[in-house]
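Engineer:
Number of protein chains: 2
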Amino acid sequence: VVGLGPGDPGLLTPQAERALRAADVVLGYDAYLEALRPLRLPGELRGSPIGAEAERAALALELAAAGRRVVLVSSGDAGVYGMASLVLETAERAPGVEVEVVPGVTAALSAAALLGAPLGHDFACVSLSDLLTPWPVIERRLEAAGQGDFVVALYNPLSKRRTWQLPRARDLLLQHRPAETPVGLVDRAYRAGARAWLTALGELTGAGVGMETLLIVGNSRTRVVNGRLVTPRGYGER
Amino acid sequence: VVGLGPGDPGLLTPQAERALRAADVVLGYDAYLEALRPLRLPGELRGSPIGAEAERAALALELAAAGRRVVLVSSGDAGVYGMASLVLETAERAPGVEVEVVPGVTAALSAAALLGAPLGHDFACVSLSDLLTPWPVIERRLEAAGQGDFVVALYNPLSKRRTWQLPRARDLLLQHRPAETPVGLVDRAYRAGARAWLTALGELTGAGVGMETLLIVGNSRTRVVNGRLVTPRGYGER
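Chains as they are written, first to last, in our numbering: chain C, 16 to 253; chain Z, 16 to 253.
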């Protein structure tokens with residue numbers, strides 16, 4: 016199970032590329048496989064639509080059990096909201112298959128680099144997608160992140176059908192930090208049309224936010240330095 | 016400011032390697048520069064001892080202001096408990112210098128890949144180092160992570176002089192989750208002598224834990240599957 020990073024070949028690790036080149040079959044969401052075309056991989060590329068994750072994991076294990084070297088790809092890091100946990104869970108019923116996870120640059124890290132250094136101290140990653148997680152669980156996480164003064168990276172903030180979650184998350188965090196708290200947004204990090212911008216928590220809306228946007232909400236110490244979002248790595252040098 | 020990943024050249028991104036090869040000067044902690052020797056970089060390698068971070072950031076900006084292409088390296092991701100935020104803060108007083116951050120595979124991701132997929136759902140990163148952060152701030156974070164049922168990645172768990180912090184963190188988390196909660200530990204991920212093992216939160220001690228160990232404490236849904244640590248990516252497939 017291989018993480019492709021944000022999409023730029025410059026952020027695909029050599030280990031991930033080696034695994035892709037050694038594979039008999041590469042499985043993944045159609046759009047990710049499309050992005051791999053320039054690598055001219057020797058193995059078969061077998062795409063499937065988004066949403067077919069359980070079937071994809073089962074197919075990967077079935078092909079591997081039949082002796083084929085299979086790579087299943089995720090964007091970012093396959094272990095972070097990706098396919099790795101689903102494959103390992105599915106493999107509980109296929110214990111003969113050896114599963115290796117190749118790490119990658121997850122969206123919080125690629126977005127952070129484009130914004131400056133907002134993850135310089137403790138942070139939490141929270142997905143706003145309530146497709147597979149009950150919303151009360153997500154609220155509890157946001158509450159806790161607010162109470163703990165964590166910098167918060169928000170994954171899956173908004174889609175065509177999920178529009179109220181981001182404003183609701185903003186309002187929850189506003190109970191713990193001031194309206195002027197800086198927020199960084201990155202859309203399509205390290206891909207064509209990438210865009211990074213800053214706003215304040217009190218002014219955050221869904222404008223410009225979509226499936227490929229990652230948000231980073233600062234904590235009480237995060238500030239904007241020369242236009243970059245920075246969370247100091249400590250509370251004053253010794 | 017470039018993140019080197021865990022240390023294995025297979026997890027150094029091409030973008031990071033390109034930056035290193037283009038540099039006139041590469042600055043960093045002595046041990047990290049030593050690990051770069053096999054790359055035979057054309058630029059000058061200028062090491063400094065650990066603890067001299069503020070001086071290293073100032074030197075990097077001074078050399079860059081004098082027109083040299085400077086790379087400052089961090090292990091993992093330079094933006095996560097690394098040098099990026101310190102450099103950007105220091106650059107506030109040297110606004111003419113252009114600072115770019117190249118992301119990398121941070122320790123939580125490399126450790127997670129070796130353990131299985133413990134970061135498959137929301138997680139928090141907390142550093143147990145109270146050298147630059149008051150301990151009450153760290154306690155507040157651990158409390159919140161416990162309350163929010165976050166998977167917790169613990170950075171800087173223990174050193175020769177910091178020995179009580181890890182047991183204290185364990186006890187705080189035990190107030191929110193059962194003693195049998197699985198914990199994964201990885202020492203020297205993707206480096207010579209790498210070692211990954213599992214224990215239970217109630218039995219966690221500092222045994223085998225050092226400066227290069229990363230711990231991942233499961234949440235209420237994390238479990239061990241075929242010997243791997245897995246946090247499901249959702250609360251049941253639709």
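Heads up, the beta-carbon is just placed ideally off N, CA and C, and yes, glycines get one too. These numbers come from a predicted model, not from an experiment.
Would you say residue 252(C) lies against chain Z (beta-carbon separation less than 7 Å)?
Structural biologist: For the purposes of this step, residue 252(C) is taken as residue 237 along the first sequence, with counting starting at 1. Residue placement at residue 252(C) is poorly supported in this model, since its pLDDT is 49, which falls under 50; the coordinates still yield a value, given next. Residue-level contact check: residue 252(C) touches chain Z, since one or more beta carbons of chain Z fall below 7 Å from its beta carbon.
Engineer: Three or more C-beta pairs closer than 8 Å, one from the segment 36-43 of chain C and one from the segment 61-75 of chain C: is that the case here?
Structural biologist: yes
Engineer: Quick check on the burial criterion: 16 or more other C-beta atoms within 10 angstroms. Buried or exposed for residue 104(Z)?
Structural biologist: Stepping through the second sequence from its first residue, residue 104(Z) is reached at position 89. Residue burial is scored here from C-beta neighbours: residue 104(Z) has at least 16 other C-beta atoms within 10 angstroms and is therefore classed as buried.
Engineer: Chain C partners of residue 96(Z), CB-CB under 8 Å?
Structural biologist: Here residue 96(Z) corresponds to residue number 81 of the second sequence, with the count starting at 1. Neighbours of residue 96(Z) on chain C, chain order: 135, 136 and 248.
Engineer: Which word fits residue 248(C), buried or exposed, when buried means at least 16 other C-beta atoms lie within 10 angstroms of its C-beta?
Structural biologist: Start at 1 with the first residue of the first sequence, and residue 248(C) comes out as number 233. Label assigned to residue 248(C): buried.
Engineer: Give a single yes or no on whether residue 211(C) has its beta carbon closer than 6 Å to a heavy atom of the ligand SAM.
Structural biologist: Here there are no bound small molecules, and the ligand SAM is not part of this structure.
Engineer: Note down, in chain order, each residue of its chain lying with its Cβ closer than 6 Å to the Cβ of residue 16(C), except the 5 sequence neighbours on either side.
Structural biologist: In the first sequence, the residue the question calls residue 16(C) occupies position 1. Cβ within range, chain order: 87, 93, 98, 99, 102 and 116.
Engineer: Using only the alpha-carbon positions, how far apart do residue 239(Z) and residue 31(Z) sit?
Structural biologist: Position 224 of the second sequence, counting from 1, holds the residue named residue 239(Z). Position 16 of the second sequence, counting from 1, holds the residue named residue 31(Z). Going by the C-alpha atoms only, they are around 34 Å apart.
Engineer: Can you tell me whether residue 332(Z) is buried or exposed? The criterion is at least 16 other CB atoms within 10 Å of its CB, across all chains shown.
Structural biologist: Given a span of 16 to 253 for chain Z in the structure shown, any question on residue 332(Z) remains unanswerable.
Engineer: Who are the Cβ neighbours of residue 19(C) in its own chain at under 8 Å, not counting the five residues just before and after it?
Structural biologist: The residue given as residue 19(C) occupies position 4 in the first sequence. For residue 19(C), where only same-chain residues beyond five positions count, the Cβ hits under 8 Å are 27, 31, 47, 50, 51, 88, 89, 90, 91 and 119.
Engineer: How would you call residue 156(Z), buried or exposed, if buried means at least 16 neighbouring beta carbons within 10 angstroms?
Structural biologist: The residue given as residue 156(Z) occupies position 141 in the second sequence. Buried, by the Cβ-count rule.
Engineer: Give me the chain C residues within the contact set of residue 26(Z), using Cβ-Cβ distance strictly less than 8 Å, ordered along the chain.
Structural biologist: Indexing the second sequence from 1 puts residue 26(Z) at position 11. Residues of chain C passing the Cβ test: 28, 29, 30 and 118.
Engineer: Out of 244(Z), 179(Z) and 196(Z), state which residue places its alpha-carbon closest to the alpha-carbon of residue 220(Z).
Structural biologist: Indexing the second sequence from 1 puts residue 220(Z) at position 205. Nearest option by C-alpha distance: 179(Z).
Engineer: Quick check: the segment 166-182 of chain Z against the segment 171-188 of chain C, are there 3 or more CB pairs under 8 Å?
Structural biologist: Short answer: they don't touch.
Engineer: Determine the contact status of residue 190(Z) and residue 159(C), defining contact as a CB-CB distance below 7 Å.
Structural biologist: As a working mapping, residue 190(Z) is identified with position 175 in the second sequence. As a working mapping, residue 159(C) is identified with position 144 in the first sequence. Not closer than 7 Å, so no.
Engineer: Please name the residues in the segment 187-201 of chain Z whose beta-carbon is closer than 9 Å to at least one beta-carbon of chain C, in chain order.
Structural biologist: none
Engineer: Use the C-beta contact count for residue 272(C): other C-beta atoms within 10 angstroms, 16 or more gives buried, fewer gives exposed.
Structural biologist: Residue 272(C) lies beyond the stretch modelled for chain C, which goes from 16 to 253, so this question has no answer here.
Engineer: Does DSSP classify residue 102(Z) as helix, strand or coil?
Structural biologist: Your numbering for residue 102(Z) matches position 87 in the second sequence. Reduced to three states, the DSSP call for residue 102(Z) is helix.
Engineer: Helix, strand or coil for residue 195(C)? Go by DSSP, reduced to three states.
Structural biologist: Along the first sequence, one-based indexing puts residue 195(C) at 180. Residue state, collapsed to three classes: coil.
Engineer: Three-state secondary structure (DSSP) at residue 82(Z)?
Structural biologist: The sequence position of residue 82(Z) within the second sequence is 67, counting from 1. Residue 82(Z) falls in the coil class under three-state DSSP.
Engineer: Name the residue from 33(Z), 73(Z) and 151(Z) whose alpha carbon lies nearest to the alpha carbon of residue 58(Z).
Structural biologist: Numbered from 1 along the second sequence, position 43 holds the residue referred to as residue 58(Z). For residue 58(Z), the nearest C-alpha among the options comes from 33(Z).
Engineer: Taking the alpha helix (DSSP H) that residue 116(Z) belongs to, which residues open and close that run?
Structural biologist: Here the question's residue 116(Z) lines up with position 101 in the second sequence. It is not in any alpha helix (DSSP H) - residue 116(Z) carries neither H nor E in the DSSP assignment.
Engineer: Just to make sure I have the definition right: I need the residues of chain Z whose C-beta is within less than 9 Å of the C-beta of residue 162(C). Which are they?
Structural biologist: Walking along the first sequence from the start, residue 162(C) turns up at place 147. Those are 155, 158, 159, 162 and 163, listed as they occur along chain Z.
Engineer: Secondary structure at residue 167(C), three-state DSSP: helix, strand or coil?
Structural biologist: On the first sequence, residue 167(C) is found 152 positions in, with the first residue counted as 1. If DSSP states are grouped into helix, strand and coil, residue 167(C) belongs with the strands.
Engineer: Quick one: is residue 68(Z) buried, meaning 16 or more other Cβ sit within 10 Å of its Cβ, or exposed?
Structural biologist: By one-based count along the second sequence, residue 68(Z) stands at place 53. Counting Cβ neighbours within 10 Å, residue 68(Z) comes out buried, since at least 16 surround it.
Engineer: Nearest CA to the CA of residue 112(Z): which residue from 147(Z), 21(Z), 133(Z) and 75(Z)?
Structural biologist: The sequence position of residue 112(Z) within the second sequence is 97, counting from 1. Looking at the Cα atoms, 75(Z) is the closest of the given residues.
Engineer: Which of the residues in the segment 63-83 of chain Z, read from start to end, lie with their CB under 7 Å from any CB of chain C?
Structural biologist: 69
Engineer: Would you kindly check if the distance between the Cβ of residue 95(Z) and the Cβ of residue 138(Z) is under 7 Å?
Structural biologist: The sequence position of residue 138(Z) within the second sequence is 123, counting from 1. The sequence position of residue 95(Z) within the second sequence is 80, counting from 1. Their beta carbons are not under 7 Å apart, which means residue 138(Z) does not touch residue 95(Z) by this criterion.
Engineer: Can residue 132(Z) and residue 245(Z) be called in contact, C-beta distance under 7 Å?
Structural biologist: Numbered from 1 along the second sequence, position 117 holds the residue referred to as residue 132(Z). Numbered from 1 along the second sequence, position 230 holds the residue referred to as residue 245(Z). Yes. Within cutoff.
Engineer: Enumerate in chain order the residues of its own chain whose CB-to-CB distance from residue 36(C) is below 7 Å, with the five nearest sequence positions on each side excluded.
Structural biologist: Sequence index remark: in the first sequence, residue 36(C) carries index 21 (1-based). Answer for residue 36(C): 56 and 57, listed in chain order.
Engineer: Can you find the residues in the same chain that come closer than 7 Å, C-beta to C-beta, to residue 197(Z), ignoring five residues on each side of it along the sequence?
Structural biologist: As a position in the second sequence, residue 197(Z) is number 182, starting the count at 1. Closer than 7 Å at Cβ, skipping near neighbours: 213, 215, 233, 237, 238, 239 and 244.
Engineer: Within 7 Å of any Cβ in chain D, is that where the Cβ of residue 41(C) sits?
Structural biologist: Checking the listed chains, one finds no chain D in this structure; the protein chains it contains are C and Z.
Engineer: Within 10 angstroms of the Cβ of residue 185(Z), are there 16 or more other Cβ atoms? Answer buried if so, exposed if not.
Structural biologist: Residue 185(Z) sits at position 170 when you count from the first residue of the second sequence. Classification for residue 185(Z): buried.
Engineer: If we ignore side chains and look at the alpha-carbon of each, how far apart do residue 22(C) and residue 122(C) end up?
Structural biologist: Looking up residue 22(C) in the first sequence gives position 7. Looking up residue 122(C) in the first sequence gives position 107. Approximately 10 Å between the Cα atoms of the pair.
Engineer: Any beta carbon of chain C sitting closer than 7 Å to that of residue 105(Z)?
Structural biologist: Against the second sequence, residue 105(Z) aligns to sequence position 90. It does not; no Cβ of chain C falls within 7 Å.
Engineer: So what's residue 31(Z) in DSSP terms, helix, strand or just coil?
Structural biologist: As a working mapping, residue 31(Z) is identified with position 16 in the second sequence. If DSSP states are grouped into helix, strand and coil, residue 31(Z) belongs with the helices.
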